[in-house]
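**Student:** Quick one: the structure is below, questions incoming.
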Amino acid sequence: MVHPTIQTWSARPWHAAPLVAIDLEGSGAQDGAQEAILEIAAVRLLHGAPDTATAYTTLIDPGRPIAPRPWISPGLAGDALRGARALAAVEPELAARLNDRILVGHNIGVDWRLLHRRCPTIAPAALLDTYKLARSLISAGPHSLSSLINALDLTATANAAAPGGRPHRALWDTTATALLLSALVARGWPSEPTLSTVLAAAGQPLHSQPSAAVTGPDAATLF
94 MVHPTIQTWS ARPWHAAPLV AIDLEGSGAQ DGAQEAILEI AAVRLLHGAP DTATAYTTLI
154 DPGRPIAPRP WISPGLAGDA LRGARALAAV EPELAARLND RILVGHNIGV DWRLLHRRCP
214 TIAPAALLDT YKLARSLISA GPHSLSSLIN ALDLTATANA AAPGGRPHRA LWDTTATALL
274 LSALVARGWP SEPTLSTVLA AAGQPLHSQP SAAVTGPDAA TLF
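According to this note's numbering, the sequence shown holds residues 94 to 316 in order.
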């Protein structure tokens, strides 16, 4: 069954649709059932650009110290999150921003897997993956978020749009993902495509098996 949001917007220009870029920083899949969300950001796209004036970002207290590991984002390990907000308090705010929207992320399947597990009330209309789109449009890797932003000369723009942010933190990565989507669409289509066209190229299923592991030059530093 097609979601009403998709029915409404599928034939319209992609940038008119209710798109929200998201990024989660988590403790890692190696934690299994204890995998925790440590930080999350959501930035809606307005006419295809990140609307940073309405950006949402928050730290989340996982209720336990987070062991320092190479993949744990800077500033999120140890007891750094003690006293931050509980996920139960954050979930309703996220649902208000994400439900019935189209979520945009870099390797969105990974973020959605954790978000759906921890916040079951969140119900987006669809998922749109900039990693998948980049792989289809740019043959030479790596296709990590930071590498693509640098290659497309968007680093300064991302830094300015997310002041105080940095790669591998939720707000910067979310803002960069929104910028990346617009740049990739401009690269892939000579005129503005419809939402259905972009979803056909970069959509990911909401209900599927966990995303396959990323291999090759992107595996070490996808983001």
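No residue lacks a Cβ here, since even glycine has one placed at the ideal position from N, Cα and C.
All values reported here derive from a predicted model rather than from experimental measurement.
Does DSSP put T270 in a helix, a strand or coil?
**Tutor:** Three-state DSSP puts T270 in a helix.
**Student:** Just the C-alpha distance for T223 and A173, rounded to the nearest angstrom, thanks.
**Tutor:** For T223 and A173, the distance between alpha carbons rounds to 30 Å.
**Student:** Could you tell me which whole beta strand (DSSP E) segments of length 3 or greater appear in the segment 118 to 196?
**Tutor:** Runs of the beta strand (DSSP E) inside the segment 118 to 196: 130 to 139, 149 to 152.
**Student:** Just list the residues that DSSP pairs T287 with in beta bridges.
**Tutor:** DSSP lists P106 as partners of T287.
**Student:** Thinking just about the alpha-carbon of each residue, which of N192, A253, P155 is nearest to the one in A181?
**Tutor:** For the residues N192, A253, P155, the minimum Cα distance to A181 belongs to P155.
**Student:** For A227, write down the residues that DSSP places opposite it in a beta bridge.
**Tutor:** In DSSP, A227 forms no bridge with anything.
**Student:** With a threshold of 16 other CB atoms inside 10 Å of the CB of H236, please say whether the residue is buried or exposed.
**Tutor:** It is buried - the Cβ of H236 has at least 16 other Cβ atoms within 10 Å.
**Student:** Could you give the C-beta distance for A263 and I133, rounded to a whole number, given that I count them as a contact under 8 Å?
**Tutor:** Right, their Cβ atoms sit about 6 Å apart.
**Student:** Going by DSSP, what residue range makes up the beta strand (DSSP E) through D204?
**Tutor:** That residue, D204, is in no beta strand (DSSP E); its alpha helix (DSSP H) goes 201 to 211.
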